[in-house]
Each structure stands twice: as C-alpha cells, then as structure tokens.
Amino acid sequence: MFHFRQGIKNIPEICTQLGVKNVIIAPGSRNAPLIFAFTAQHNINCLSITDERSAAYFALGMSQQSGEPIALVCTSGTAVLNFAPAIAEAYYQNIPLIVFTADRPSEMIDQADGQTLRQNNIFSNYIKAAFELPVDTEKKQDLLFSDRLVSQAIDTALSYPKGPVQINVPLREPIYVPIPDTHSEPKIIRSQPQNTALSPESLEKLRTNWTSYKRKMIVVGVFAQNEPLNTLLQQLAKEPDLVVVAENLSNIAGENIITQAESFFSRINSLENSHEFAPDLLITIGHSVICKQLKLFLRSHQASVQWQIESTLPYVDTYQSLTSILPGSATDILSKMPTGVTKSDYTLKCRAEIEQIRILHKEFVSKTELSDMTVMAEILRQTRPDTVLQLANSTSVRWMQLFETRADLTYYCNRGTSGIDGSLSTAAGFAYNSARNVLFVTGDVSFIYDSNGLWNNYTGKNLKIIVLNNNGGNIFRFIGDKELMKNNLHFFTTPHQVQIKLLVEAYGVDYLNCNESADLSGKIEQLLNSANATVLEVFTDSELNTENYKKYFQHIKE
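At the far end of the sequence shown sits residue 558, using the working numbering, and the numbering has no gaps.
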C-alpha cells in the first residue's frame, strides 16, 4: 500500500523530468497538498502570485520568453475560472502552460459545498487536453494511473503544436496532512520529435509552380524570432517577382522587407491600378496579422494560389484563397525554390510605393505635436538594441505598426485573442525570466485593467513601462462612427478618474510623467536609464490622437 498522497508527491518529480523548472502558485486552501509537494522539490522555482488572472499571464510571459513549460497551481472554485483568459491566449499563441486545478472529489460537486463548481475540462474550448487524477493513490494501480496522466499531460503540452493543458486534482479531507518524503520513481512518457517534410515529388511541383508566377507575395504573421528565416526572406525580397510583407510582430525586418503594412496597403487600396499589386501566388507564414487594409486588399484581389506554411491552426483561410497547406519548415521549403529565373517588374513597382510612403511618413511625424504618434517615434529613436518591446492591445500595437520595424529589437503582443486584460502581467513575466531590457508600451485603460501585474514580488528592474494616458480607450475613436456614437461615447471610450501615479506608487514602482513636447525626449531617456522598474506616464490628447491617425492615412494616400 502507498500513502494516499503519493501521487501528489510524484507530480513535481514528473514535472522536473519533463522540463518544468518554474511553477506559479496562487495561494489557497484546497491546493495545500500541491503547495507542499512543489515547494519541497529543490530543483523547481516556486513563485507566489495572489491574483490568479495575473498569475496565469505572468506564466505566459515567462514561457513566451523561454519556450519552456510553466506550471500553474490554484485552489478550487472561481479561482480556476480566473486562469481562463491567459489559458485562451496561451492556446492561440502555442504556449505550454501546465495548469493544476485543485478540486473537491466528485461526490461533493453540486452539493452546496464551499468553493466548488464543475471543474473537470472547464477550459475545454481552449486547451489541448484535460486530465483528472484519481482522488487517492493508496493502490498501486491508482498511483500508476495518476503518474501516467501527469506525464501524458505534460508531454501533450510540449508536443507540436505546443499549448496549455489542464490537470484537475480532486482532493479529499484532510487537506493539511504531511505528504510522503520521497517520490516513488514515477514512469515518464515522452513523445519523440517528428520531422515533417515534403516528398521530392511535392517539392518539384512547388518549384514548377513557383517559376510560373510573376507576382509572388509572402505575408508573415505573428512569429517567434527566427534568424535563418529572416536572412532567407531578405534574400528572396531582392528577386524581381517577389515582395515580403512582415509586421513587426513577425520579427522579420530588413531594407527589402515591407514592414509598414497598414500604410502600404492603405495607399495601394486607394489607387486605381491597385489590381497590379495583387499577387498571383500568396504564401502565408505563421499566425495572424493585425493589418486590416492588408486583409481587405487580399480578399478583394484574391491570389490564384495560396500556400500556407507553419500555421498551427492549418485550415485558416483568412484571405479566402487558401489552396495548399505545406507541412514542414518555412525556411526549409522556401530555400529550395529556384531564384533568378522569373522576369518581372513586380518588386520594383511595390518598392517605389514603399519608398514614397517612407518620405510621406517622415514628413507627417516631424510636424506632429505631443501625441501617441510622437511618443512611438521617440521610443524607436532612443530604445537600445536588443530590447524587447512588449506592446499592449489595442492602440499601442497599432501605433507601432505605422513605423518601420527595427531589426535590432524584438516585438511581442498578446495577439492570440487580442485582449487587453493581461498585457502588463505578460510583460512582467517576460522581464522576470529575461536578462534583457523589456519596455512595455500601453494605453491607460489596458494598464489600469491589468495593474495587478505589479502586485507581486518579482517585478524586475529591467522592466520599464510607458503609459499613454489619453483618458480612455482611444481605439474606438479610430474605428467607430463619431456621429453614431456621440450620445454614448463614454460607453466605448471609458473615461476614468484613476490617478495612475498613486496606483504605481502603491505597488512600490518608480514613477515619472510628461505632458509637454519639449520634455518627451528627456523623460524617455530618464526612463530607459532608470535603475529600477519605472513607469512613465505621458499625457496625450484623445482628439489630437484621433485627428493624427486619420490625417496620417490621408497624407499617405496623397
């Protein structure tokens, strides 16, 4: 016979052997046995974060930085539901979160017991798999079953495509009892990596098709930094028949890459001869793009053929032209395509437009008063190489999209579900796990909404934050109909009375502010050189921001 908590004792050992080095624990009572087990495991780093929603986003940021699995532990009841937003984001970002949810045994569910709800498979629509452990493990068969489920769950999270899993852990009273001193050598299950590649016959067909098209466009969506792919795409973009479009979240950049997608396609969509810029062959890589004008253009001018590469959700037909899903690495496939064969003026035509956009962009920004746009320009001017830019939804990431991508920076944003609810916590988790400088750029509403991202003991000195305070959610002024919304605008833009200075200082974080154009450069310099985690609040005018955004695109189309 084994101790009835032997399975719980084995969990951290299985985690360790499968690469889990960090666990974030949200304090509680029902999860006490899990707390005892994890904190007794000497080679796992345990962090305590009270707010479950923030804790889960913090874990997401840590995994985003390292690519490694991060474990989460919470008590039963609504604490479990507070993990949900970050788990959904992790699912669409392919982040391997291992979520342990303490629970009451099945006979106590729906029996008016405290902190109890139906937890088994509670995240069913946005996890890779759910597992429920046996209530106790006194019998050998139950212990083997428990060990196997934990091992299988972590292996599932790490198998391609990576993603979150839930392990529900029902626990009977008594909760506060000692657990075994040692694990029982649990069995570990590992999937061997699979190398998926195109057959020689398929590859030859692609090569033939490649040379037959004179207008090829590669669109790179959200993508982890990949230097071999970056180098290859820069080379391909020199071809006369091919253009590469990559927003900053793709982390692809270079002289020949079109990184100002919103500006480029806004201009192209306004031209009478816009059809001349439409690709015959469209190649998409990675996750989604933000650029609305790109989507409108490619849906209006559908390519004859679209290849989709390295998408973890394979049947995503964003541009309504999908014809082929190509398994394997984008670098591997595209490096085998013939170059120097096709004659075309496609690249020159697109390049002429982007050169014009660069001139018009510079003209407009140079004449702009203190606003969200000038803050972005100054950030890109001063930020040191190798800095990580974490961008909040919704306006922060959109403003940054208007500027050319800096190849020496790394860009992130929670675009899996595109919510504002955990951007600060994600940035804080990333900074905790990184030796690099992390600059988080956010609007006031996103910052306030997730201010609990600073409610922990792990805020790194390398985390710097710029809050663009225009007193509300400015995005709805950009995309909405002002006349239609004028009688209830406050329901969209959510103006507030929150004093961010007091909020920041309550969390023990340093604070700066700026409300004059003449002070902006100096304040950003002071922020970037600060010795501690610091927030710089820049006050901007919402009406001017809206006017700038709309006039900018008018200027680009001239």
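Note that CB positions come from ideal geometry on N, CA and C, so glycine has one too.
Bounds of the beta strand (DSSP E) holding M217 are K216 to V220. Just so you know, the alpha carbons of F440 and A237 end up roughly 31 angstroms apart. Taking 3 residues as the minimum length, the beta strand (DSSP E) runs contained wholly in the segment 57-117 are 70-74 and 97-103, in order along the chain.
When the five nearest sequence neighbours on each side are left out, the beta carbons in the same chain lying within less than 7 angstroms of the beta carbon of L296 are those of N269, in order along the chain. The three-state secondary structure of T208, taken from DSSP, is helix. Cβ-Cβ separation between I24 and I49: approximately 6 angstroms, consistent with a contact (criterion under 8 angstroms). Setting aside the 5 residues that flank it on each side, T323 is surrounded in the same chain by V305 and Q306, each with a C-beta closer than 6 angstroms to its C-beta; the list follows chain order.
Pairing T101 with G419, the inter-Cα distance amounts to about 23 angstroms. Counted as a single uninterrupted DSSP element, the beta strand (DSSP E) harbouring C413 occupies residues T410 to C413. K162 is classed as buried because its beta carbon has at least 16 other beta carbons within 10 Å across all chains shown.
Each residue's CA atom was taken as its position, placing T137 and S151 some 16 angstroms apart. Each residue's CA atom was taken as its position, placing V177 and D103 some 17 angstroms apart. In the DSSP assignment, Q390 forms a beta bridge with Y412 and F440.
For I167, the closest of V73, V245 and T231 by C-alpha to C-alpha distance is V73. The three-state secondary structure of A377, taken from DSSP, is helix. Sixteen is the threshold: when 16 or more other Cβ atoms of the shown chains lie within 10 Å of the Cβ of L143, as they do, the residue is buried. When the beta-carbon positions are compared, T208 and T342 stay at least 9 angstroms from each other.
With respect to the C-alpha of F123, the residue from T156, L81, D147 and Q111 having the closest C-alpha is L81. Taking a C-beta distance under 9 angstroms as the contact criterion, T493 and S542 qualify as a contact pair. Taking the Cα of Y549 as reference, the smallest distance to any Cα among A71, N532, E369 and P33 is reached at E369. Annotation for L296: the continuous alpha helix (DSSP H) segment containing it runs K292 to S300. The count of Cβ pairs closer than 8 angstroms, one atom from the segment 29-42 and one from the segment 50-63, stays below three, leaving the stretches out of contact. When the beta-carbon positions are compared, S344 and P240 come within less than 9 angstroms of each other. Residue state for N462 is assigned as coil, using DSSP reduced to three classes. The Cβ atoms of V538 and N469 lie closer than 9 angstroms to each other. For E505, the enclosing alpha helix (DSSP H) stretches over residues I500 to A506.
The C-alpha of Y511 lies about 7 angstroms from the C-alpha of E505. By the neighbour-count criterion, in which 16 or more other beta carbons inside 10 Å mark a residue as buried, Y160 falls on the exposed side.
According to the DSSP assignment, F364 belongs to the alpha helix (DSSP H) that extends over Y346 to S366. Annotation: the continuous alpha helix (DSSP H) that includes N269 extends over A261 to N269. Residue range A32 to T39 is occupied by the alpha helix (DSSP H) that includes P33. In the structure shown, P170 falls within a strand segment according to DSSP collapsed to helix, strand and coil.
Between S76 and the set F58, M108 and Q93, the nearest pair of CA atoms involves M108. Remark: three or more beta-carbon pairs, one from each stretch, lie closer than 8 angstroms, so the segment 328-337 and the segment 188-198 are flagged as touching. Of all alpha-carbon atoms in L271, Q41, D444 and P27, the one lying nearest the alpha-carbon of I14 is that of Q41. Of all alpha-carbon atoms in V467, S517 and A130, the one lying nearest the alpha-carbon of L527 is that of V467.
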